[in-house]
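Visitor: Right, I'll just put the structure down here and ask away after.
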Amino acid sequence: MIRHACSDVPGLFRLFVYGTLKRGYWNHEAYCRSAVSVEEATVRGRLYELPSGIPVLEVPSEDILSVGTDDPVADIQTQESISVASLSRDLSDWHAIHGEIITFSNPELCVPPIDRLESFRPGRSSLYHRVLVPAVTQAHVVVTAWCYVAPLHALLSATATGNCQWP
Numbered sequence: 007m008i009r010h011a012c013s014d015v016p017g018l019f020r021l022f023v024y025g026t027l028k029r030g031y032w033n034h035e036a037y038c039r040s041a042v043s044v045e046e047a048t049v050r051g052r053l054y055e056l057p058s059g060i061p062v063l064e065v066p067s068e069d070i071l072s073v074g075t076d077d078p079v080a081d082i083q084t085q086e087s088i089s090v091a092s093l094s095r096d097l098s099d100w101h102a103i104h105g106e107i108i109t110f111s112n113p114e115l116c117v118p119p120i121d122r123l124e125s126f127r128p129g130r131s132s133l134y135h136r137v138l139v140p141a142v143t144q145a146h147v148v149v150t151a152w153c154y155v156a157p158l159h160a161l162l163s164a165t166a167t168g169n170c171q172w173p
């Protein structure tokens, strides 16, 4: 797998991951082996753990730029149509959550299995929602990336970790 930064290359699907899809965790190889790049990044949010030990993320509502659909190609168009030249990094009530941006060149093949893994079902009750958020790369470049976040009902049974990364 090529592991160079391609945060600003058009036509690619960027996915910020913070849990089991990161390198070295059990879902990475099965779901992310066709990625064209993996780079460290942060998003603003709060980490929680479900009773099962799986992480969930809450992000500030003002950071949600769009909501994902069941069409990853259309979601790339949305991702590319929204620019974030700057980002409020007010972390007074939030943390800089550390994770990775995984970039895919063939989202129509790669994203649906990940959506199923994350129980993301647009327009229906879901364990996670896929939303577009600003992310900051290691090179301090602000990009938009899709991210699975917890809906409010999932947070009711979750425990705040107070950490900036999982585990």
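When we follow the numbering used here, the leftmost residue of the sequence shown carries the number 7, and every step to the right adds one. We put the CB at the ideal spot given by N, CA and C, even for glycine. Nothing here was measured: the structure is a model prediction, and the numbers come from that model.
(1) Establish whether the CB of Glu124 and some CB of chain C are separated by less than 8 Å.
(2) Does Gln85 pass the burial test, meaning 16 or more other C-beta atoms within 10 Å, or should it be called exposed?
(3) Keeping to the same chain, check which residues put their C-beta closer than 8 Å to that of Val82; ignore five residues upstream and five downstream.
(4) Using alpha carbons as the reference points, say which of Glu46, His34, Gln171 and Gly30 lies closest to Ala151.
(5) Can you pull the DSSP bridge partners for Thr165?
(6) If distances are taken between C-alpha atoms only, which option among Asn33, Ile60, Gly105 and Val79 comes closest to Ala141?
(7) Taking the beta carbon of His135 as the centre, do at least 16 other beta carbons fall within 10 Å, making it buried, or is it exposed?
(8) Measure the alpha-carbon distance for Glu35 versus Tyr54 and round it to whole angstroms.
(9) For Ala80, report the span of its alpha helix (DSSP H) as first-last.
(10) Would DSSP call Val117 helix, strand or coil?
(11) Please check the pair Ala156 and Leu63, which I expect to be a contact at CB under 8 Å, by giving their CB distance rounded to whole angstroms.
(12) Who are the Cβ neighbours of Trp32 in its own chain at under 7 Å, not counting the five residues just before and after it?
(13) Hey, out of Gly59, Leu123, Val117 and Val65, whose CA is closest to Ala102's CA?
Guide: Reading it off the structure:
(1) The structure shown contains no chain C; it holds only a single protein chain.
(2) Residue 85 sits at position 79 when you count from the first residue of the sequence shown. So Gln85 counts as buried.
(3) Locating residue 82 in the sequence shown gives position 76, counting from the first residue. One point to set straight first is that residue 82 is Ile, not Val, in the sequence displayed. Around Ile82: Gly17, Leu18, Phe19 and Pro113.
(4) On the sequence shown, position 145 is the one that residue 151 refers to. Out of Glu46, His34, Gln171 and Gly30, Glu46 has the C-alpha closest to the C-alpha of Ala151.
(5) To locate residue 165, count along the sequence shown from 1; it is residue 159. Answer is Glu55.
(6) Position 135 of the sequence shown, counted from the first residue, corresponds to residue 141. Closest option to Ala141, Cα to Cα, is Gly105.
(7) Position 129 of the sequence shown, counted from the start, is the residue given in the question as residue 135. With 16 or more other Cβ atoms within 10 Å, it is buried.
(8) Residue mapping note: residue 35 aligns to position 29 of the sequence shown, counting from 1. Residue mapping note: residue 54 aligns to position 48 of the sequence shown, counting from 1. When rounded, the distance between both Cα atoms is 24 Å.
(9) As a position in the sequence shown, residue 80 is number 74, starting the count at 1. Pro78 to Ser87 is the span of the alpha helix (DSSP H), which, as asked, contains Ala80.
(10) The count along the sequence shown starts at 1 and reaches residue 117 at position 111. In the structure shown, Val117 sits in a helix (DSSP, three-state: H, G or I).
(11) Stepping through the sequence shown from its first residue, residue 156 is reached at position 150. Stepping through the sequence shown from its first residue, residue 63 is reached at position 57. Rounded, the Cβ-Cβ distance is 6 Å, consistent with contact.
(12) Within the sequence shown, the letter at position 26 stands for residue 32. Excluding positions up to five away in sequence, the list reads Thr26.
(13) Locating residue 102 in the sequence shown gives position 96, where the first residue counts as 1. When each option's Cα is compared against that of Ala102, the closest is Val65.
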